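One line per chain: the protein sequences are A and B, in this order. Residue numbering for the first sequence follows my numbering, starting at 25 and increasing by one per position. Residue numbering for the second sequence follows my numbering, starting at 25 and increasing by one per position.
Number of protein chains: 2
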Amino acid sequence: MQKRLSDRAADDILTMIIIEKRFLPGEKLPNEIELSEELEISRTTLREAVRILAANGVVEIRRGVGTFVREDFEMNEKKGISSLAAVKTDIRDLYEMRLIVEPEAAYYAAIRASDEEIEHIMQLGKQIEFEIADGKDRTEAEREFHRAIAKATHNEFMTKLLPVIYQAIDQGVELSRKKRKAILDTVQDHKVIMEFLRMRNGEGAKSAMKIHILHAMEELSMQ
Amino acid sequence: MQKRLSDRAADDILTMIIIEKRFLPGEKLPNEIELSEELEISRTTLREAVRILAANGVVEIRRGVGTFVREDFEMNEKKGISSLAAVKTDIRDLYEMRLIVEPEAAYYAAIRASDEEIEHIMQLGKQIEFEIADGKDRTEAEREFHRAIAKATHNEFMTKLLPVIYQAIDQGVELSRKKRKAILDTVQDHKVIMEFLRMRNGEGAKSAMKIHILHAMEELSMQ
DNA sequence: GTTAATATTGTTGTCTGATGTCTTGGTATC
DNA sequence: GATACCAAGACATCAGACAACAATATTAAC
């Protein structure tokens, strides 16, 4: 009992794809004017229909190029929902946030951390060195290192914010697992940061952290 | 690199629902004309955005009646930014976060904002002046002001993060509506910030914002 | 007074036509 | 060849108008 034309149209197009197999995955649909004329609806209504299909992962719209049946369509039948809800931010934005937040975190950590916390951070730093030396994946250990610094700020919000940023980064990045040459930078950067933390030098820790993040951004060829 | 307005709008509305909790499940959204004006998009574009949300099961459209947040829409998104909203953090921590993030936001806004965005910020600034002159509650207007600046950074994460901080602050504070001397500070601070924004002076905007937040913290007798 | 028919109001649904903007490919120029 | 520019094709957005529907208020009939 669909009354809306846009819903009916979405259904019609889906039928063309699944049942009639008129458009196979990867193929291009007719342009909006042709399709709307064929379905005898206005372009406005057709566009709403296509939005529905796009939201359900059926088609992919490429501005200036056309609308295509998604290559991976048919596999993800149950998916559909709430890809929107997930934070779908640009990696660049996320690193920019790190660049804003983490140097300040290092600053407050240098000032407020307890001796035990500093000691803990040192141990994590050494652990990363070992793992790099063993050729292991350093991602998790490095994350622990940064998390420990965030915690040492004694700012609850900060402590909870950084993991969110890291996870968002994880979701969007799987490239960049290649460029490992920056590993030397990492170890050196960490040493400098730790040194400033131990000396309780807030400004120094801030600057060192800034450089560290900038190095990471370079590694991803940003900035 | 620019995203579609309809996608952005869908995201904005989702933010209103999940993060700002402005519309709870079962509640009605503003009608299409009002919402499109608020988001500063055409009705056509808004309707495409709503189609996306409907396809994702976020809202339900009832012709002739209105558009409603779906009763069974569960905003359990334990990974995303919204999880931070639940955190019950110390007010001091939250203002410290503002002090870290907002000056940088002002910096990037000064550099990246479009002329229209700058103009919009100016208007919001004036509106606050009027509301203060009329003795009205300036909270909401002021939030809009800061939100507009955050948006002008063109950093999506930033745009989503600040509302969370504001909301967390709201939950913990209802005092401090007395000290009126800070009102003059507010107007003056805003003027300075706006001036730097207009001149596209990033460093200036950053400093001015820092001072503004520090004033706000003084008002709450922190630091 | 009760009830049924009818307006009114508010909202979503659809259409038309124009203009903006992005992508791509071709062509001219060097 | 490489580069810069131009034009066509396609999606993106807008503004305004009218239609269809739902809920409520008003009126008419009894």
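The beta-carbon is built from N, C-alpha and C at its ideal position, and this holds for glycine as well. Predicted model, so just to flag it, every value in this text is computed and none were measured.
In three-state DSSP terms, what is residue i?
| i | result |
| --- | --- |
| residue 202(B) | Low local confidence applies: a pLDDT of 47 at residue 202(B) is under 50, so the model's placement there is unreliable, with the coordinate-based value given in what follows. In this structure, residue 202(B) counts as coil in the three-state DSSP scheme. |
| residue 91(B) | strand |
| residue 211(B) | helix |
| residue 83(B) | strand |
| residue 110(A) | Bear in mind that a pLDDT of 44 at residue 110(A), under 50, signals an unreliable position, so the number given afterwards is only what the model happens to contain. Three-state result, residue 110(A): coil. |
| residue 230(A) | helix |
| residue 160(B) | coil |
| residue 150(A) | helix |
| residue 184(B) | helix |
| residue 52(A) | strand |
| residue 100(A) | Its pLDDT being 45, under 50, residue 100(A) is placed unreliably in this model, and the coordinates cannot settle the point. |
| residue 177(A) | coil |
| residue 105(A) | At residue 105(A) the pLDDT is 36, less than 50, meaning the model places this residue with poor confidence and gives no usable figure here. |
| residue 66(B) | coil |
| residue 30(A) | helix |
| residue 115(A) | helix |
| residue 194(A) | helix |
| residue 243(B) | helix |
| residue 124(B) | helix |
| residue 224(B) | coil |
| residue 138(B) | coil |
| residue 238(B) | helix |
| residue 47(A) | coil |
Rounded C-beta distance between residue i and residue j? I'm assuming under 8 Å.
| i | j | result |
| --- | --- | --- |
| residue 56(B) | residue 131(B) | Not confirmed; about 36 Å, so no contact. |
| residue 123(B) | residue 237(B) | 5 Å |
| residue 194(A) | residue 239(A) | Residue 194(A) to residue 239(A), Cβ: 19 Å. No contact. |
| residue 133(A) | residue 165(A) | Incorrect: roughly 18 Å between the Cβ atoms, too far for contact. |
| residue 30(A) | residue 72(A) | 4 Å |
| residue 129(A) | residue 174(A) | 5 Å |
| residue 33(B) | residue 69(B) | 6 Å |
| residue 185(B) | residue 125(B) | 7 Å |
| residue 182(A) | residue 121(B) | 7 Å |
Thinking just about the alpha-carbon of each residue, which of the options is nearest to the one in residue i?
| i | options | result |
| --- | --- | --- |
| residue 152(B) | 139(B), 186(B), 194(B) and 168(B) | 168(B) |
| residue 248(A) | 190(A), 234(A), 218(A) and 161(A) | The structure shown has nothing for residue 248(A), since chain A only spans 25 to 247. |
| residue 88(B) | 121(B), 97(B) and 52(B) | 52(B) |
| residue 211(B) | 190(B), 181(B), 225(B) and 233(B) | 233(B) |
| residue 28(A) | 39(B), 85(B) and 36(B) | 85(B) |
| residue 90(B) | 214(B), 142(B), 223(B) and 50(B) | 50(B) |
| residue 143(A) | 224(A), 192(A) and 183(A) | 224(A) |
| residue 189(B) | 178(B), 116(B), 220(B) and 155(B) | 116(B) |
| residue 235(A) | 221(A), 222(A) and 214(A) | 214(A) |
| residue 170(B) | 191(B), 158(B) and 157(B) | 191(B) |
| residue 118(A) | 42(B), 179(B) and 127(B) | 179(B) |
| residue 230(A) | 187(A), 160(A), 182(A) and 135(A) | 135(A) |
| residue 42(A) | 140(A), 149(A), 172(A) and 94(A) | 94(A) |
| residue 47(A) | 92(A), 154(A), 114(A) and 147(A) | 92(A) |
| residue 216(A) | 127(A), 241(A) and 54(A) | 127(A) |
Taking 6 Å as the cut-off, does the CB of residue i come closer than this to any heavy atom belonging to the ligand NAP?
| i | result |
| --- | --- |
| residue 164(B) | Among the components modelled here there is no ligand, and therefore nothing to report on the ligand NAP. |
Open item on the list: Please list, in chain order, the residues of the stretch 60-81 of chain B that have any C-beta partner in chain A closer than 7 Å.
Closed with: Per Cβ criterion, the list reads 68, 71, 72, 75, 76, 79, 80 and 81.
Task: Proximal residues, the stretch 121-138 of chain B versus chain A, C-beta separation under 7 Å - done: Hits within the stretch, in order: 121, 124, 125 and 128.
- [ ] With 9 Å as the C-beta to C-beta threshold (strictly closer), list the residues of the stretch 42-60 of chain B near chain A in chain order.
- [x] For the stretch 42-60 of chain B, residues whose beta-carbon sits nearer than 9 Å to a beta-carbon of chain A comprise 42.
Open item on the list: Quick check: the stretch 71-80 of chain A against the stretch 64-84 of chain B, are at least 3 beta-carbon pairs closer than 8 Å?
Closed with: Output reads yes: the stretch 71-80 of chain A touches the stretch 64-84 of chain B.
- [ ] Mind checking the stretch 166-182 of chain A against chain B and listing, in chain order, the residues whose C-beta falls within less than 8 Å of any C-beta there?
- [x] When CB distances to chain B are screened at a threshold of 8 Å, the residues of the stretch 166-182 of chain A falling below it are 179, 180, 181 and 182, in chain order.
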